[in-house]
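Trainee: So the protein sequences, as listed, match chains R and H.
Okay, so the first sequence: first residue is 1 according to the numbering used here, each after it adds one.
Okay, so the second sequence: first residue is 1 according to the numbering used here, each after it adds one.
Heads up, the beta-carbon is just placed ideally off N, CA and C, and yes, glycines get one too.
Note that the structure is predicted; figures quoted are calculated from it, not measured.
Protein chains: 2
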Amino acid sequence: MSGIPPGYVRPLDIQHGRVDMTHGAGARAMAQLISELFARHLGNNYLGQGNDGAVLPAPTLQGQPARLVMATDGHVVSPLFFLGGNIGSLSVHGTLNDLAVMGATPLYLAAGFILEEGLPLADLDRIVLSMADAARAAGVPVVTGDTKVVERGKGDGVFITTTGIGVLPQGLDLGGARARPGDVVLVSGTLGDHGVAIMSQRDNLSFSAPILSDSAALHGLVAHLLASGADVHCLRDPTRGGLAATLNEIANQSGVGMMLQERAIPVKPVVAAACEFLGLDPLNVANEGKLVVICAPADAQRALAALRAHPLGVDAAVIGEVRDDARCFVQLTTALGGRRMVDWLTGDALPRIC
Amino acid sequence: MSGIPPGYVRPLDIQHGRVDMTHGAGARAMAQLISELFARHLGNNYLGQGNDGAVLPAPTLQGQPARLVMATDGHVVSPLFFLGGNIGSLSVHGTLNDLAVMGATPLYLAAGFILEEGLPLADLDRIVLSMADAARAAGVPVVTGDTKVVERGKGDGVFITTTGIGVLPQGLDLGGARARPGDVVLVSGTLGDHGVAIMSQRDNLSFSAPILSDSAALHGLVAHLLASGADVHCLRDPTRGGLAATLNEIANQSGVGMMLQERAIPVKPVVAAACEFLGLDPLNVANEGKLVVICAPADAQRALAALRAHPLGVDAAVIGEVRDDARCFVQLTTALGGRRMVDWLTGDALPRIC
């Protein structure tokens, strides 16, 4: 991202203007959009270098060269604005959380925007401001970026692909393949909030209480959990596909089964009611600020206490356990004492949830 | 990107199948697309970790912790396939070149795909295969990725945002603000090939000879140039907006002017003819495998010789010099001895060129 070129006269009309094809043409108009909108909100010393990439200090941890974690995440959520956030804050949280569940301390973000011709500049401004706020709150700067524009009808407002890098402490090795029979399964809070917030916004539904997305950056919660000393084997953020997809993925990667207790799974009453109305199972619904934790059984209470002591984990719960099962089945004991499979969705009841 | 879940029956029909919304739903169908298409082509030990991000070794140079360079680039080129490449290879070259012009040795790539419902899987397969070939040829693995699907009419086949990280040697400090009066301006080869290849493909034009995109990874050429010992102040790849936009950006960042010699600027005769036909100036047309080099005047011949000794630089030329000019004008002495401004385009004659 580069400096302001001289020679143009009027500043961008952010209140009434719209994105047009010139904003993607690599010349004056793009430079203006970058300086008057992107850099104004996201500005920092790295972004201010004004080159095709950002030069970053050598990543170290306690003075030693540190392993990196790199994660990338495209965001195509529709609608762009929803209760509890918008695509801008979501695109920061989404990628930070991919780093966080690896146990990494996030350092830097890059952001690639694909804008549709005709997008109101005021919308883009709100979105980039939310990104900036989310990045600032997380302590992770957006150090480099890119903007492309596509013709009307070839995109959908704005898509944002964010990429993050973080550093990983020596010896910390979390992964989907590390769940072992006997391990306990925890979640850091109520499930389904994000997906139901999006679906109700999309269908223009209102419920007894407003349903807000849980979109949040989880690296602080993860740091708090790991500092407790609990022997954590695996962390994931149950986004697209919800808890069901996340646990099935882990079960398959680790070659184990799982048994959950329906009664123990925290779901807000208003979300449960909305899910019933919408024909959704909260276990299939996306979350954007929740953690799935799989840890050694001896440390279940320690992990639970650590989660609950953090503002993002007050509703944390132990929801089940890992079992020996070569079929890798994830099952659930229902509130009535029955048993059912917790399957992946085969169709897509919830397109473009993130 | 994760492993193959059990429980589905038929492998993807890559020859006749199409992307549908389930491929973005975070469940079975997405896992299948990832394992049978993405991982099949791009597979490596990092990608094979199967987590939300890739764990990478501590980046060092000669045993010391090294500064990083991070760059991101969205690719929305239309058409997806063109003479000399496709969006897959382009998305690798584009980001590698952003790292290369910073002087960085590229280490890793991440790739975020936004697919439009209905995209033929055979097209996606060709694209990902080209990415894999380009990444392999460059020696830089795609270590992590993400896939989203949008409804038909909300995208345009496929958009690919790639992000790269590389390491930067101590003391190497290239940047758009380092051009000084007296410096010489070189290009590594003929200009306009990529943009004209795309435009002729789009308009279904044929010329006396086929015009191929110059899409190529430039980090080898840059390494060769830097190894020559030439005192290089600034490197850029003149993509969107062409040489004109690149030089105007540098002139503004450095607070200098430039004077180019039209006769010295290499343009293939068939590209020059096509530009005349299409009403384009080759200086405004995108390149995807060319380097702009600004170096100390004493080292002009050394830099030129180094460029020409590399297969990607055989047509390199000294094309002008940097001048003291507070107005930051980039000017050109025409072949007939006149003088004109080399301005940025204000409109966009060449949308979605990369």
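So, for R:Val143: in the same chain, excluding its five sequence neighbours on each side, which residues have a beta-carbon less than 8 Å away from its beta-carbon?
Mentor: Sequence index remark: in the first sequence, residue 143 of chain R carries index 143 (1-based). Here the set comprises Asn44, Tyr46, Leu47, Ala54, Leu56, Tyr108, Leu109, Ala110.
Trainee: Where R:His194 and H:Asn51 are concerned, what is the direct C-alpha to C-alpha distance, given to the nearest angstrom?
Mentor: Locating residue 194 of chain R in the first sequence gives position 194, counting from the first residue. Locating residue 51 of chain H in the second sequence gives position 51, counting from the first residue. Each residue's alpha carbon lies about 22 Å from the other.
Trainee: Would you kindly work out how many angstroms separate the C-alpha atoms of R:Ser159 and R:Ile114, rounded to a whole number?
Mentor: Start at 1 with the first residue of the first sequence, and residue 159 of chain R comes out as number 159. Start at 1 with the first residue of the first sequence, and residue 114 of chain R comes out as number 114. Reading off the sequence, residue 159 of chain R comes out as Phe, not Ser. R:Phe159 and R:Ile114 have their C-alpha atoms some 5 Å from each other.
Trainee: Closest Cβ-Cβ distance between H:Met341 and chain R: below 8 Å?
Mentor: In the second sequence, counting from the first residue as 1, residue 341 of chain H sits at position 341. Not closer than 8 Å to any Cβ of chain R, the Cβ of H:Met341 fails to qualify, so no.
Trainee: Take R:Ala300 and list the residues in its own chain whose beta-carbon comes closer than 6 Å to its own, dropping the five residues that flank it on each side.
Mentor: Indexing the first sequence from 1 puts residue 300 of chain R at position 300. Within the same chain, Val184, Val318 come within 6 Å of R:Ala300 by CB-CB distance, once the 5 residues on both sides are set aside.
Trainee: As a quick exercise: from R:Asp237, R:Met21, R:Thr60, pick the residue whose alpha carbon is nearest that of H:Gly26.
Mentor: Position 26 of the second sequence, counted from the start, is the residue given in the question as residue 26 of chain H. That would be R:Asp237, whose Cα lies nearest to the Cα of H:Gly26.
Trainee: Output the distance between the C-alpha atoms of R:Leu42 and H:Gly337, rounded to the nearest integer angstrom.
Mentor: Mapped onto the first sequence, residue 42 of chain R falls at position 42. Mapped onto the second sequence, residue 337 of chain H falls at position 337. Using only the alpha carbons, I get a separation of about 45 Å.
Trainee: If you draw a straight line from the C-alpha of H:Gln331 to the C-alpha of H:Leu225, how long is it?
Mentor: Within the second sequence, residue 331 of chain H is the residue found at index 331, counting from 1. Within the second sequence, residue 225 of chain H is the residue found at index 225, counting from 1. Pairing H:Gln331 with H:Leu225, the inter-Cα distance amounts to about 26 Å.
Trainee: Count the other CB atoms within 10 Å of the CB of H:Ala100; is the residue buried (16 or more) or exposed (fewer)?
Mentor: For the purposes of this step, residue 100 of chain H is taken as the residue at position 100 of the second sequence. Its Cβ being crowded by 16 or more others within 10 Å, H:Ala100 is buried.
Trainee: Kindly indicate which three-state DSSP category H:Phe329 falls into: helix, strand or coil?
Mentor: Locating residue 329 of chain H in the second sequence gives position 329, counting from the first residue. Residue state, collapsed to three classes: coil.
Trainee: Any idea which residues DSSP pairs H:Cys295 with across the strands?
Mentor: By 1-based counting over the second sequence, the position of residue 295 of chain H is 295. H:Val184, H:Val232.
Trainee: For R:Met131 and R:Ser215, I'd like the C-alpha separation in whole angstroms.
Mentor: Here residue 131 of chain R corresponds to residue number 131 of the first sequence, with the count starting at 1. Here residue 215 of chain R corresponds to residue number 215 of the first sequence, with the count starting at 1. Between R:Met131 and R:Ser215, the C-alpha separation is close to 12 Å.
Trainee: Which same chain residues end up closer than 6 Å to H:Pro120 when comparing Cβ atoms and leaving out the 5 residues on each side of it in sequence?
Mentor: Against the second sequence, residue 120 of chain H aligns to sequence position 120. Cβ neighbours of H:Pro120 beyond the five flanking positions: Arg18.
Trainee: Assuming contact is defined by CB atoms lying nearer than 8 Å, are H:Val140 and H:Leu68 in contact in what I supplied?
Mentor: Counting from 1 along the second sequence, the entry for residue 140 of chain H is found at position 140. Counting from 1 along the second sequence, the entry for residue 68 of chain H is found at position 68. Contact flag unset, no.
Trainee: Indicate the three-state DSSP secondary structure (helix, strand or coil) for H:Ile357 in the structure shown.
Mentor: Only positions 1 to 354 of chain H appear in this structure, which leaves residue 357 of chain H out of reach.
Trainee: Specify, as a first and last residue, the run of the beta strand (DSSP E) that H:Glu249 falls within.
Mentor: By one-based count along the second sequence, residue 249 of chain H stands at place 249. Premise fails: H:Glu249 lies in the alpha helix (DSSP H), 242-254, not in any beta strand (DSSP E).
Trainee: Between R:Ala58 and H:Pro106, which are expected to be in contact by the criterion C-beta below 8 Å, what is the C-beta distance as a whole number of angstroms?
Mentor: Here residue 58 of chain R refers to the residue found at position 58 of the first sequence. Here residue 106 of chain H refers to the residue found at position 106 of the second sequence. Distance from R:Ala58 to H:Pro106 at the Cβ level is roughly 16 Å; contact not present, criterion being Cβ atoms closer than 8 Å.
Trainee: Let me know the secondary structure DSSP gives H:Arg152 once reduced to three states.
Mentor: Start at 1 with the first residue of the second sequence, and residue 152 of chain H comes out as number 152. Secondary structure of H:Arg152 (DSSP, three-state): coil.
Trainee: Do R:Leu61 and R:Leu37 have their beta-carbon atoms positioned less than 8 Å apart in this structure?
Mentor: Working through the first sequence from its first residue, we reach residue 37 of chain R at position 37. Working through the first sequence from its first residue, we reach residue 61 of chain R at position 61. For R:Leu37 and R:Leu61, no; Cβs fall outside 8 Å.
Trainee: Check distances from the C-beta atoms of the region 104-121 of chain H to those of chain R and list, in chain order, the residues that come in under 8 Å.
Mentor: Flagged, chain order: Ala104, Tyr108, Ala110, Ala111, Gly112, Phe113, Ile114.
Trainee: Establish whether the CB of H:Asn287 and some CB of chain R are separated by less than 8 Å.
Mentor: For this step, residue 287 of chain H is matched to residue 287 along the second sequence. So, not an interface residue.
Trainee: Suppose you measure from the CA of H:Ala264 to the CA of H:Arg340; what does that come to, to the nearest Å?
Mentor: The residue labelled residue 264 of chain H in the question sits at position 264 within the second sequence. The residue labelled residue 340 of chain H in the question sits at position 340 within the second sequence. The alpha-carbon atoms of H:Ala264 and H:Arg340 are separated by roughly 15 Å.
Trainee: Indicate whether R:Glu117 and R:Asp156 have their beta-carbon atoms separated by less than 8 Å.
Mentor: The residue given as residue 117 of chain R occupies position 117 in the first sequence. The residue given as residue 156 of chain R occupies position 156 in the first sequence. No, Cβ-Cβ distance for R:Glu117 and R:Asp156 is not below 8 Å.
Trainee: Tell me whether H:Ile353 sits in a helix, a strand or coil according to DSSP, three-state version.
Mentor: Counting from one through the second sequence, the residue named residue 353 of chain H turns up at place 353. Three-state result, H:Ile353: coil.
Trainee: How is the alpha helix (DSSP H) around H:Gln158 delimited, first residue to last?
Mentor: The residue you call residue 158 of chain H lines up with position 158 of the second sequence. Reading the sequence as shown, one finds Val at residue 158 of chain H and not Gln. From DSSP, H:Val158 is part of no alpha helix (DSSP H) but of the beta strand (DSSP E) over 158-168.
Trainee: Kindly indicate which residue of H:Asn252, H:Arg202, H:Leu205 has the alpha-carbon position closest to the one of H:Gly175.
Mentor: Residue 175 of chain H sits at position 175 when you count from the first residue of the second sequence. Scanning H:Asn252, H:Arg202, H:Leu205 for the CA closest to the CA of H:Gly175 turns up H:Asn252.
Trainee: Rank H:Asp123, H:Arg180, H:Val314 by C-alpha distance to the C-alpha of H:Arg234 and give the top, closest one.
Mentor: In the second sequence, the residue the question calls residue 234 of chain H occupies position 234. Sequence check: residue 234 of chain H is Cys here, not Arg. Per the C-alpha coordinates, the member of H:Asp123, H:Arg180, H:Val314 positioned closest to H:Cys234 is H:Arg180.
Trainee: Taking only beta-carbon atoms, is H:Val143 less than 8 Å away from chain R?
Mentor: Position 143 of the second sequence holds residue 143 of chain H. It does: the Cβ of H:Val143 has a partner Cβ on chain R nearer than 8 Å.
Trainee: Could you give the residue range of the alpha helix (DSSP H) that holds H:Gln301?
Mentor: Sequence index remark: in the second sequence, residue 301 of chain H carries index 301 (1-based). Taken as a continuous stretch (DSSP letters only), the alpha helix (DSSP H) holding H:Gln301 covers 300-308.
Trainee: Taking the straight line between their C-alpha atoms, what separation do you get for H:Val296 and H:Gly182?
Mentor: As a first step, residue 296 of chain H is located in the second sequence; it is residue number 296 there, counting from the start. As a first step, residue 182 of chain H is located in the second sequence; it is residue number 182 there, counting from the start. Note on residue identity: the sequence assigns Ala, not Val, to residue 296 of chain H. The alpha-carbon atoms of H:Ala296 and H:Gly182 are separated by roughly 7 Å.
Trainee: At a Cβ threshold of 8 Å, is H:Gly48 touching chain R?
Mentor: Numbered from 1 along the second sequence, position 48 holds the residue referred to as residue 48 of chain H. At a cut-off of 8 Å, the C-beta of H:Gly48 has no neighbouring C-beta in chain R.
Trainee: Determine the burial state of R:His23: buried for a count of at least 16 other Cβ atoms within 10 Å of its Cβ, exposed for fewer.
Mentor: Here the question's residue 23 of chain R lines up with position 23 in the first sequence. Burial call: buried.
Trainee: To the nearest angstrom, report how far apart R:Trp344 and R:Ala245 are at their CA atoms.
Mentor: Reading the first sequence from its first residue, position 344 is the one you call residue 344 of chain R. Reading the first sequence from its first residue, position 245 is the one you call residue 245 of chain R. About 5 Å.
Trainee: Please compile the residues from chain H whose C-beta is within a distance smaller than 8 Å of the C-beta of R:Met102.
Mentor: As a first step, residue 102 of chain R must be located in the first sequence, where it is residue number 102. Correct list: Asn51, Asp52, Gly53, Val55.
Trainee: Output the boundary residues of the beta strand (DSSP E) element that contains R:Glu116.
Mentor: As a first step, residue 116 of chain R is located in the first sequence; it is residue number 116 there, counting from the start. Counting along the chain, the beta strand (DSSP E) containing R:Glu116 begins and ends at 105-116.
Trainee: Just to confirm the assignment, what range does the alpha helix (DSSP H) spanning R:Ala71 have?
Mentor: Mapped onto the first sequence, residue 71 of chain R falls at position 71. No alpha helix (DSSP H) holds R:Ala71; the beta strand (DSSP E) holding it covers 67-75.
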